[in-house]
Amino acid sequence: MSKWDLSLFYPSIEAWDEGLKEMPEYINKLAGFKGKLGNFDDFLSFYKIEEEATHLLYRLYGFIHLNSDLNLKDNVKSSKNQQLMLMLSDLGQKTSYVSPELIAIGEEKVMSFIEKDDFLKTYKFPMQKLFFQQKHVLSDDQESIMANFGPIRSIPSSLYQGLAIVDAVDQEVEFKDGSKKKITSSNYRSIISQTKDAEDRQKVFEAAFKRYKDNKTTFAATYNLVLQQLAANYKSRGYNSALEAALFRNNIPVEVYKNLMDAAYENTEGIKRYLNIRKKYLNLEKHRTYDRFLDLVTDDTKYTFEDSRNIFFESISHLDPVFVERQKEAVKDGFVDAFPGDGKRTGAYSSGFYGFHPYILLNHDDTLDALFTLAHEAGHSAHTLFSNEHQPMATADYTIFVAEIASTFNEHNLLDYLVSKATTKEQKIALLQKAIDGIMGTFFRQTLFATYEYKANELVEKGMPVTEQSLSKIMIDLYKHFYDIDITEENGKEYVWAYIPHLFHTPFYVYQYATSFSASLKIYADVKAQKPEAMEKYLGLLKSGGSDYPVNQAKKAGADLTNKETFMAVIKRFNELVTELEKTLEA
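Here the sequence shown stands for residues 383 to 969, numbered as in our numbering.
And the structure:
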């Protein structure tokens, strides 16, 4: 079955409505502990009731969020989703007293409470994090004011979703052969990668980017709202920058972000060499950004969803049995929605909630990329299963910083498996391209976008205007430096900042694709080389959930991200692959 079974949350929307009615009582109960947390019994009761409320929230959010993503045009579910968001905001406002009150009580007394009860001991690390962050926690009244802005925080994300998906009109393209196709966010990459004529490719690209070009002013205003919210938060809480505020919560040194940016920015020669190889081999007058989807060799192999699942299972069969079992459990029937649909959210994700099996959203199109996406998302869901099995609710939720380690580990392993099965020169070329494009997309491209975010936030921090022109200027300069491509020659590409949803939904997220890729490459290399305890250390990371700071978790698993050499190893691997591709093409 390639559809979700969401009845594990609620059997119907009517049952969900009844569940929603339970939330106000929980909110009022939790609000009633204000001023009482210095008493041990009240402290214990608060956290027990909070866990009950959180479980209900996961159930409510899981059902309505996943249902909404199946059809973003469903106004009824969209409205109910907004209802829940307002209730979440109310909960946040009425419990905003908690952190200031705990800080006022003091670390010594709070930690003494933690040691008195086995249930409370599960909160030891979260409390340690709270007191680590205490200099950025405001007074009770100030936190209450900040919480009042809760509903506003989701507005940029909602505006973006409306502009880019819900209200966007998909453009139809007529190709030279007379055929016509409607270009959507879901099928854009698949169609352009299969379009061999340069003029037709340009048409497909322009159709896909028309919504961003036509609405550039509104997209810029929406992104400015994101930046202004980040600025208001870091200034109010006493951070030095929006970046520091984003990283501080998980104790990630700013140097990790800057080392990543520097490593990529200073080592772009391999990228340009690869693009020149592609230009020559594909006989292109110029290598446009949308030419990156072109395959160097023709591979008509179709990977159906079932084929992809079976190939993935074969690829992991040599690994630890418990690891294999969780990966298979991640993609079992009822927990994967595999195919595109009208109004369905684009892309792919794994959505996990403590106490519930994680769900995977795909838009499977039978390509090699779709096979890798399945392996990637299975890694996320297996990570959730491991974490939920070995961690209590208080520490089960892992950071996105380590999340992508689990997913890209699967990709490294799948690639090696497919290379081992390659029997022709064409297959080897296709897989070398896949490996190179993987590093291009996950390491270099995401670091480019991370650098864009850094520079865009600098505009606000320096009091400079945020407009479509200033945002595009950053992208134009970065594309020229990284790829030696002038994107102003492409009709609409300078608005690629509006094309990336993460920039609007989850600021300072994309850099973690690159850091996690770097960490997973190191961990996978250790497992592949059968280094002592390498697999055991990796399983330890998957099981550790959010019980430690992410840089520490990666280091324990064998990847030190405070060392620039971890990033340089990825660049070295990239350059070696480009050289190997060049030799194979010339053979």
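C-beta: ideal position from N, C-alpha, C; glycine also.
Relative to the Cα of Asp549, the nearest Cα in the group Arg593, Phe587, Ala624, Thr944 belongs to Arg593. Ranking Leu963, Thr777, Ser567 by CA distance to the CA of Ala730 puts Ser567 first. Taking the Cα of Phe831 as reference, the smallest distance to any Cα among Asp499, Ala590, Asp719, Tyr861 is reached at Tyr861. Cβ-Cβ separation between Gly927 and Thr777: approximately 5 Å, consistent with a contact (criterion under 8 Å).
Here Gly444 is near Phe738, since their CB atoms are less than 7 Å apart.
Taken in chain order, the whole alpha helix (DSSP H) runs of length 4 or more contained in the segment 803-855 are 807-821, 828-843.
For the 7 Å CB-CB criterion, Ala529 and Ser478 form a contact. By the 16-neighbour rule on beta-carbons within 10 angstroms, Gln516 is exposed. For Tyr440, the uninterrupted alpha helix (DSSP H) run begins and ends at 422-452, by DSSP. Setting aside the 5 residues that flank it on each side, Pro508 is surrounded in the same chain by Ala776, Thr777, each with a C-beta closer than 8 Å to its C-beta; the list follows chain order. Annotation for Leu701: no beta strand (DSSP E) segment contains it, and DSSP assigns it neither H nor E.
Secondary structure at Lys563: strand, using DSSP grouped into helix, strand and coil.
Cβ contact annotation for Lys684 (same chain, cutoff 6 Å, sequence separation greater than five): Asp748, in chain order. Residue pairing by DSSP puts Glu554 in a beta bridge opposite Lys564. In this structure, the straight-line span from the alpha carbon of Phe886 to that of Lys617 is close to 20 Å. Using a Cβ-Cβ distance cut-off of 8 Å, the segment 693-713 and the segment 755-771 are in contact, since at least three pairs of beta carbons, one from each stretch, lie closer than that value. Excluding the 5 residues flanking it on each side, Lys418 has same chain C-beta neighbours closer than 6 Å at Asp424, in chain order. Counting only the Cα atoms, Leu967 lies some 9 Å from Glu808. The three-state reading of DSSP puts Val713 in coil, since its state is none of H, G, I, E or B.
Ile634 carries a coil assignment under DSSP once its states are collapsed to helix, strand and coil. In the structure shown, Tyr881 falls within a helical segment according to DSSP collapsed to helix, strand and coil.
Runs of the alpha helix (DSSP H) spanning 4 or more residues and lying entirely within the segment 885-944 occur at 893-910, 916-925, 932-938, in chain order.
Distances from the CA of His884 to each of Val608, Ala785, Phe825 were compared; the closest alpha carbon is that of Val608.
With a contact defined as Cβ atoms closer than 8 Å, Gly725 and Asn453 qualify at about 4 Å.
Ile953 carries a helical assignment under DSSP once its states are collapsed to helix, strand and coil.
Of the candidates Lys455, Val713, Ala613, Phe495, the residue whose Cα lies closest to the Cα of Leu545 is Lys455. Annotation for Ile573: the continuous alpha helix (DSSP H) segment containing it runs 570-576.
With fewer than 16 other Cβ atoms from the protein chains shown falling within 10 Å of its own Cβ, Met846 counts as exposed. Contact between His758 and Phe721 is absent: CB atoms are separated by about 17 Å, not below the 8 Å threshold.
Per DSSP, the unbroken beta strand (DSSP E) holding Tyr731 starts and ends at 731-733. Judged by DSSP in its simplified three-state form, Val586 adopts helix. Counting only the Cα atoms, Ser461 lies some 30 Å from Val480. The shortest CA-to-CA distance from Val801 to any of His794, Phe791, Leu813, Asn792 is the one to Leu813. Selection Trp386, Phe391, Lys385 evaluated against Phe735 yields Phe391 as nearest (Cα-Cα). The C-beta distance from Ala951 to Lys904 rounds to 7 Å, short enough to meet the 8 Å contact threshold.
CA-CA distance, Gln828 to Ala838, rounds to 15 Å.
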